[in-house]
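First residue of the sequence shown? That's 2 in my numbering, and the numbers climb one at a time after it.
Idealized CB from N, CA, C, for every residue including glycine.
Okay, structure first, notes after.
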Amino acid sequence: MNPLNADAVKHAAQTRLLGQVVRYWESVDSTNAALVRLVAEGALEGTVVMADAQTAGRGRIGKLWVSPPGVNLHLSVLLKPSLSLPETRLYTLIGSLAIADAVESHGVKAQVKWPNDVLVNDKKIGGILAEVQTHDGRINSLIMGIGVNLNIDRPGMNQLYGEAAAGATSLREAIGRIVDRNAFAARVLESLEQRHFDFLAHGKAPLLKEWRSRSFLGRRVTVREEDVHVEGIAMTLDEEGCLVVNLDDGS
Ligand code: BTN
Numbered sequence: 002m003n004p005l006n007a008d009a010v011k012h013a014a015q016t017r018l019l020g021q022v023v024r025y026w027e028s029v030d031s032t033n034a035a036l037v038r039l040v041a042e043g044a045l046e047g048t049v050v051m052a053d054a055q056t057a058g059r060g061r062i063g064k065l066w067v068s069p070p071g072v073n074l075h076l077s078v079l080l081k082p083s084l085s086l087p088e089t090r091l092y093t094l095i096g097s098l099a100i101a102d103a104v105e106s107h108g109v110k111a112q113v114k115w116p117n118d119v120l121v122n123d124k125k126i127g128g129i130l131a132e133v134q135t136h137d138g139r140i141n142s143l144i145m146g147i148g149v150n151l152n153i154d155r156p157g158m159n160q161l162y163g164e165a166a167a168g169a170t171s172l173r174e175a176i177g178r179i180v181d182r183n184a185f186a187a188r189v190l191e192s193l194e195q196r197h198f199d200f201l202a203h204g205k206a207p208l209l210k211e212w213r214s215r216s217f218l219g220r221r222v223t224v225r226e227e228d229v230h231v232e233g234i235a236m237t238l239d240e241e242g243c244l245v246v247n248l249d250d251g252s
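Shown next as structure tokens:
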């Protein structure tokens, strides 16, 4: 067993903003939703919420994020940057790179896939759900939700994800051993904090450059948006953090 533990994460993380307060629940609907509730109670910037399991974990575009107990990482971090709404969108890229850093600290190569995925061996290992609350047009809170498959094994993925399991992996599967979830969470927080400070100090250019170099641009992609399905080659990430795709019809 490798229980998640708030104190263990606090002590392991070499950070000065993220994780000064870490709240842990054995089971919660969604760590993002729990953090929204804590914001309403005045939670401080840097507050972290972790849960062993989620009953209604949220994924991108309204999808459910499957969160069984005892194996993976479900964590949300509260930031309060004074940025515009478009700038906060770049935090999905920052979060993906932070997950990729923590994965690579275990000796395997990780790649980022637009907009919010982290892949190992071309399979999804984790993702980010960044959610923003505004008040009078200003950013009140930016909640970075981080989900990573750490210790779930192949039979577990097959059972949970069904057909989609072929496109999923875990760090345990990639490195062949159990991962310390608290140490992994601490690495994510350290990287996220450093990348947050770097972004505030140096702007988006270095972030976009690094994201491009750690993604797999140049490959064929399918873009699915509501009822539109188009195919083409992923060319680059533009200055707003949007993916530029060269469609088969030349557009
Ligand atoms: C995605 O790839 O669709 C994003 C998944 C993000 C899942 C994490 S798990 C912790 C946090 N709480 C949530 O409800 N969602 C995020």
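Who are the near neighbours of residue i in its chain, counting only those whose CB is closer than 6 Å to its CB and skipping five residues on each side?
i, result
"glutamate 27", "Asp53"
"methionine 51", "Leu5, Tyr25, Leu76"
"threonine 16", "Leu190, Glu191, Glu194"
Starting from residue i, follow the alpha helix (DSSP H) in both directions and report where the run begins and ends.
i, result
"histidine 203", "182-203"
"histidine 12", "7-13"
"threonine 255", "Here the chain covers residues 2 to 252 and nothing more, so residue 255 does not appear."
"serine 28", "From DSSP, serine 28 is part of no alpha helix (DSSP H) but of the beta strand (DSSP E) over 23-29."
"arginine 173", "172-176"
"lysine 64", "From DSSP, lysine 64 is part of no alpha helix (DSSP H); its letter is neither H nor E."
"proline 156", "155-162"
"proline 70", "Proline 70 -> no alpha helix (DSSP H), and no H or E assigned at all."
Per DSSP, residue i is paired with what?
i, result
"threonine 237", "Val245"
"alanine 41", "Looking at the DSSP assignment, alanine 41 forms no beta bridge with any residue, so it has no partner."
"tryptophan 115", "In DSSP, tryptophan 115 forms no bridge with anything."
"leucine 120", "Gln112, Lys125"
"glutamate 232", "Thr223"
"glutamate 216", "The residue you asked about is not glutamate; residue 216 is serine in the sequence shown. Paired residues: Val113."
"alanine 169", "Lys125"
Where does the unbroken beta strand (DSSP E) through residue i begin, and where does it stop?
i, result
"asparagine 141", "139-149"
"histidine 136", "124-136"
"valine 49", "49-55"
"serine 77", "74-80"
Is any heavy atom of ligand 1 found at a distance shorter than 6 Å from the C-beta of residue i?
i, result
"glycine 60", "yes"
"glycine 148", "yes"
"tryptophan 115", "no"
"tryptophan 26", "no"
"asparagine 3", "no"
"aspartate 130", "Strictly speaking, residue 130 in this sequence is leucine, with aspartate absent from that position. Within the cutoff, so yes."
"threonine 48", "no"
"asparagine 33", "yes"
"serine 142", "no"
"serine 77", "yes"
"tryptophan 212", "no"
Secondary structure at residue i, three-state DSSP: helix, strand or coil?
i, result
"threonine 223", "strand"
"serine 85", "coil"
"glutamate 46", "coil"
CB-CB under 7 Å to residue i, same chain, minus the five flanking residues each way: which ones, in chain order?
i, result
"leucine 218", "Ala235, Met236, Thr237"
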